[in-house]
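Worksheet for the structure shown next.
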Amino acid sequence: MTESNAAPVAAPRPAAAPGALPPLEGMAVVLGTLALSLATFMNVLDTSIANVSIPAIAGDLGVSPDQGTWVITSFAVANAISMPLTGWLTRRLGQVRLFTASTILFVISSMLCGLAPTFSSLVMFRALQGAVAGPMIPLSQALLLSSYPKAKAGAALGVWSMTTLVAPVVGPVLGGWITDNISWPWIFYINVPVGIIAAFLTWSIYRHRETPTAKLPIDKVGLGLLVVWVGALQIMLDKGKNLDWFNSPFIVTLAIAATVAFAVFLVWELTDRHPVVDLSLFRRRNFLVSSIAMSIGYGLFFGNVVLLPLWLQQYMGYTATLAGLVLAPVGLLAILLTPLVGRLVDRLDPRWFVTVSFLVFALVMFMRADFNTQADVEVLLTPTLIQGAAMATFFIPLLALAFSGLEPERIASASGLINFTRITAGSFATSITTTLWWQRATLHHAQLVERLTANPQAAQFMTQVHAAGLSRQQGGLLLNQLINQQAYMLSADDIFYASGYLFVAMVVLVWFARPAKTALSAEVSAGAH
């Protein structure tokens with residue numbers, strides 16, 4: 333018998349029993365929603381706000397831009413490890429204590445990141461920030477559900493989904509503006525007032541609504557395996573492109589470590605009496621289907637969110653701020669439609685909403701697949717604006733399906749697990765998308781050069797640039813730059829097309845879920861109360 337199997341479980345400390353507390357009313361529900369939304373927005377914002385600031389951070393702290401990416405990697409690894417631990421931590425500490433403590437620690441670690449005197453200390457503080465950020469997103473869902481009556485549970489998740497979808501788009505724009513106009517430490521300092529307000533309001537409103545706790549044994553083996561496979565996987569994904577993937581012994585070692593540790597982790601967690609991650613949730617058809625659909629759908633969405641500004645900045649001459657503004661309208665329709673979806677998701681089959689979401693996402697991708705180097709701002713903005721409708725019908729129905737029929741005490745575990753799979757899929761998609769973009773661009777470049785070799789227009793172009801005063805070498809460099817621009821545009825179009833077809837295929841997947849009598853079952857809604 334393992335240590336975790338043998339350890340006794342202490343009696344729970346007194347706390348409010350699930351279902352015993354009524355939903356919040358009046359100003360309390362408004363302030364509670366504001367506090368949880370602020371904390372979630374701040375958390376999600378930090379997953380992307382540092383991306384455009386890496387060159388400035390690396391320059392100030394005396395490291396190369398490649399080394400500078402550890403600022404992103406350290407946060408992602410620690411965040412991915414801590415998020416699936418939310419269920420276990422909640423049972424030990426309680427939802428309100430854990431969320432408030434995580435928010436306060438997030439504020440402290442953000443301040444330390446801004447004050448970091450060396451690059452190594454910055455990486456350490458970013459890892460701390462990612463670790464304490466893990467429980468915040470799933471617990472914000474659970475606490476929001478506790479704030480509303482069960483008939484309005486969909487509206488509660490609608491508010492939550494707006495913050496998690498808009499923040500990744502706002503992050504690069506805000507990060508670029510702050511770095512350009514103030515200084516990079518302020519991308520961390522802005523968390524301080526927001527976090528303090530969120531923590532104060534959360535504790536003031538929810539401290540009397542604590543969930544039951546129990547002194548569960550620590551699954552040391554499961555926790556160790558989780559750290560190994562998630563850490564190895566995240567580092568492999570973040571560093572793979574720069575190290576030429578499996579041509580690097582370092583990447584091969586990480587892949588082997590992640591695979592072996594993951595296999596052992598699955599066996600251990602499914603057989604241990606007190607697993608650190610409740611994998612038995614995947615035995616529920618709706619949770620399994622929703623997790624797969626959300627992971628793939630979010631991965632496709634996030635991969636394209638990364639690709640579009642990269643293409644605009646590197647090959648269309650856009651600044652980081654302008655590229656971010658092209659993505660900004662994505663929140664308009666999402667903000668307008670999400671409350672409506674939240675009200676209707678309890679009355680209609682959520683699978684229809686998800687179907688609409690995937691079809692609209694597919695339409696957006698096919699529209700982007702027609703982009704060319706002459707695309708103006710209006711052409712670029714139109715599909716981004718339409719995409720807001722897909723976002724509004726994406727999160728809420730899938731979460732409704734995932735949580736339907738769940739026992740109250742398992743909501744925090746389910747929320748942590750589904751958000752873990754979603755965020756990990758986003759990391760996968762980012763690495764896959766940028767790698768495919770480069771590989772397809774190399775192929776298109778070779779094909780374009782082959783066609784130009786026997787094309788008289790190429791010779792005519794060289795004659796014209798020579799007449800304009802450029803040397804033959806300078807003319808060749810200019811021609812190669814133009815070919816590169818076309819090659820990366822064609823490569824981006826390929827990825828947009830592939831994403832569109834995958835979204836269409838996803839429509840079939842969601843119908844494997846069982847319909848629920850209500851989008852969020854009474855058990856789920858009451859379980860958060």
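The letter at position 263 of the sequence shown is residue 595 when you use the numbering used here, and the numbering goes up by one with no holes. Ideal placement from N, C-alpha and C gives every residue a C-beta, glycine not left out. If you're wondering where the values come from, they're calculated on a predicted model, not measured in any experiment.
Notebook entry, point to check: Nearest CA to the CA of G419: which residue from Q779, Q817, G758, I743?
Noted result: The shortest C-alpha separation from G419 is found at I743.
Item checked: A724 vs L669 beta-carbon contact at 8 Å -> Taking C-beta atoms as the reference points, A724 and L669 count as a pair closer than 8 Å.
Notebook entry, point to check: Should M359 go down as buried or exposed, given a rule of 16 or more other Cβ atoms within 10 Å for buried?
Noted result: It counts as exposed.
Check: Taking the runs of the alpha helix (DSSP H) that are 4 residues or longer, which of them lie wholly in the region 363-429?
Finding: Listed in chain order, they are 386-393, 397-400, 402-414, 418-425.
Notebook entry, point to check: If we count Cβ pairs, one from each stretch, closer than 8 Å, do we get three or more for the region 741-759 versus the region 415-429?
Noted result: Touching, per the Cβ criterion.
Note to self: Please list the terminal residues of the continuous alpha helix (DSSP H) segment that includes I522.
What the structure shows: Counting along the chain, no alpha helix (DSSP H) covers I522, and no H or E run does either.
Next item on the list: For N751, count neighbouring C-beta atoms within 10 Å of its own C-beta (all shown protein chains included) and say buried if the count is 16 or more, exposed if not.
Entry: The Cβ neighbour count for N751, taken over all protein chains shown within 10 Å, is at least 16; the residue is labelled buried.
Check: If we ignore side chains and look at the alpha-carbon of each, how far apart do Q805 and R754 end up?
Finding: Straight-line Cα distance between these residues: approximately 48 Å.
Check: Expressed to the nearest angstrom, what Euclidean distance is found between the alpha-carbon atoms of A463 and S414?
Finding: Rounded to the nearest angstrom, the two C-alpha atoms are 5 Å apart.
Checklist line | V621 vs V842 beta-carbon contact at 8 Å | finding: Result yes, Cβ atoms of V621 and V842 sit closer than 8 Å.
Check: What is the DSSP secondary structure of T725, reduced to helix, strand or coil?
Finding: In the structure shown, T725 sits in coil (DSSP, three-state: anything other than H, G, I, E or B).
Checklist line | Alpha carbon of W492 to alpha carbon of Y833, nearest angstrom | finding: Counting only the Cα atoms, Y833 lies some 28 Å from W492.
Checklist line | Nearest-angstrom beta carbon gap, L430 and P467 [assumed within contact, 8 Å] | finding: About 5 Å; that satisfies the 8 Å criterion.
Next item on the list: Taking 8 Å as the cut-off, decide whether the C-beta atoms of A666 and V498 are in contact.
Entry: A666 places its beta carbon less than 8 Å from that of V498.
Margin query: By the DSSP assignment, the alpha helix (DSSP H) with G663 in it spans what residues?
Written below: Its alpha helix (DSSP H) spans residues 662-676.
Check: Secondary structure at E335, three-state DSSP: helix, strand or coil?
Finding: Legend: pLDDT at E335 = 38, less than 50; position of this residue unreliable, value from coordinates given subsequently. E335 falls in the helix class under three-state DSSP.
Margin query: Just to confirm, is the Cβ distance from V362 to Y480 under 8 Å?
Written below: Taking 8 Å as the cut-off, the Cβ atoms of V362 and Y480 do not count as close.
Next item on the list: Using a Cβ cut-off of 8 Å (strictly closer), state whether I827 contacts chain B.
Entry: Although the question refers to chain B, the structure presented lacks it and comprises just one protein chain.
Check: How big is the Cα-Cα spacing for T401 and A734?
Finding: Computed Cα separation, rounded: 34 Å.
Margin query: When you compare the CB positions of F690 and V839, do they come within less than 8 Å of one another, or not?
Written below: Yes. Within cutoff.
Note to self: Is the beta carbon of G629 closer than 8 Å to that of Y521?
What the structure shows: No, they are not a contact pair.
Check: From which residue to which residue does the alpha helix (DSSP H) around Q566 run?
Finding: Looking at the DSSP string, the run of the alpha helix (DSSP H) that includes Q566 is 552-571.
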